[in-house]
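No gaps in the numbering here: position 197 of the sequence shown is 376 in my numbering, and each next residue is one more.
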Amino acid sequence: MRIAALIPAYNEELTIGTIVLLCKEYVDEVIVVDDGSTDRTARIAEAAGARVIRHRENKGKGAALKTGFKATDADIIVTLDGDGQHDPQEIPKLVQPIIDGRADIVNGSRYLSGSDKSTPFYRRVGQKILDRATNISTRLDITDTQSGFRAFSRDTIPYFKFKEDGFAIESEMLLDAAESNLRIVEVEIGVTYDVEGSTKHPISHGASVLYRIIKDMELRRPLYYFTFPGLIIVVIGAILTLIFLRDYIIGKSIHMGPTILAIMLTLFGTFFMFTGIILDSMKKMIRNFQKR
């Protein structure tokens, strides 16, 4: 089977040459999508033997992956970052489940055997939040949802929508894979954090990805996005209403502010709950119609 390595890169001149050379030992082709770099990333990647596709401006990791997937006809595509965090020597480990026919997608996981001690604490906390949010949305049980080190069978590419241009593409691809019932297998990988080429700021990266995951639940998981928050709001409104009734019965002075707030919360929460239920029902009807 023909294997290609796909590397989205933005200002990775310090590491891209080494990554390309190491990848060439395990794949038939290395594709580097230079996502509007202002340094020598493209020239170094070409000198190392990669096929380079250039974006004139920085569009984001999701856009770079979309460009790269369209550019190759390989049977298996391995994606990895160009900043040196991933070890190309682990590529055979990622592609083997696809070669064996056991998987459509292989996700390289830093946490398959538990918490990785080499991961900085602040990264792991953020990672747990993103993992939980993604798994709720996908109904999967992936231990490392934000891994950029993955292998894909060529047959899976049409299932991906590539709506996300940025780093939220990792979660989006899992969402698309889950909805399409693709087989996902995880294998354990290592990762290096003390690299100078990384362009991701962990806090802004995590916040933007979490926002996109939650936003995506609006249509994919309306019960989580509308109904559960609505239920919580209704409960708060009910508690305030009971407090009002208690004060009224025992003859305490009644303040209109909390009373109006209780009514508004109850109405608003009820509206949210039924919105989620209606959207979820419509989604199920559409899905059943498509199956016919």
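No residue lacks a Cβ here, since even glycine has one placed at the ideal position from N, Cα and C.
Just so you know, these numbers come straight off a predicted model, no measurement behind them.
If we ignore side chains and look at the alpha-carbon of each, how far apart do residue i and residue j end up?
i: Tyr205; j: Ile256; result: 12 Å
i: Met180; j: Ser292; result: 29 Å
i: Ala417; j: Ser288; result: 44 Å
i: Val479; j: Gly430; result: The structure shown does not extend to residue 479, since the chain is modelled only from 180 through 471, so no value can be given for it.
i: Asp310; j: Arg303; result: 10 Å
i: Gly376; j: Met452; result: Its pLDDT being 45, under 50, Gly376 is placed unreliably by the model, and nothing is read from it.
i: Thr220; j: Val285; result: 28 Å
i: Lys240; j: Ile456; result: 34 Å
i: His434; j: Leu419; result: 12 Å
i: Asn314; j: Ile321; result: 7 Å
i: Ser432; j: Ile422; result: 12 Å
i: Ala357; j: Ile308; result: 19 Å
i: Asp214; j: Leu319; result: 31 Å
i: Glu225; j: Ile198; result: 12 Å
i: Val216; j: Val364; result: The question names Val, but residue 216 in the sequence shown is Ser. Taking the straight line from one Cα to the other gives about 33 Å.
Report buried or exposed for residue i, applying the criterion of at least 16 other Cβ atoms within 10 angstroms of its Cβ.
i: Glu236; result: exposed
i: Pro401; result: buried
i: Lys245; result: buried
i: Tyr290; result: buried
i: Ile368; result: buried
i: Arg123; result: There is simply no residue 123 to check, as the chain begins at 180 and stops at 471 in what is shown.
i: Ile428; result: exposed
i: Thr371; result: exposed
i: Asp260; result: buried
i: Leu444; result: buried
i: Thr194; result: buried
i: Asp334; result: exposed
Whose CA, out of the options, lies closest to the CA of residue i?
i: Ser332; options: Ala227, Ile277 and Tyr427; result: Ile277
i: Pro337; options: Gln325, Asp260, Asp252 and Gly409; result: Asp252
i: Thr438; options: Ile415, Phe248, Val364 and Glu191; result: Ile415
i: Cys202; options: Leu185, Gly215, Val212 and Glu191; result: Leu185
i: Val305; options: Ile315, Arg318 and Asp323; result: A small fix is needed here, since residue 305 is Gly in this sequence, not Val. Nearest option by C-alpha distance: Asp323.
i: Thr454; options: Gly409, Ile321, Gly263 and Ile210; result: Gly409
i: Phe248; options: Leu444, Glu208 and Ser432; result: Glu208
Can at least three beta-carbon pairs, one atom from the region 266-280 and one from the region 341-353, be found at a separation below 8 Å?
no
What are the complete alpha helix (DSSP H) segments, minimum 4 residues, inside the region 209-276?
220-226 and 240-250
Quick check for students: name the residue ranges of the beta strand (DSSP E) that lie wholly in the region 324-364, counting only runs of 3 or more.
329-332
Restricting to runs no shorter than 4 residues, where is the alpha helix (DSSP H) found entirely within the region 400-471?
407-428 and 435-470
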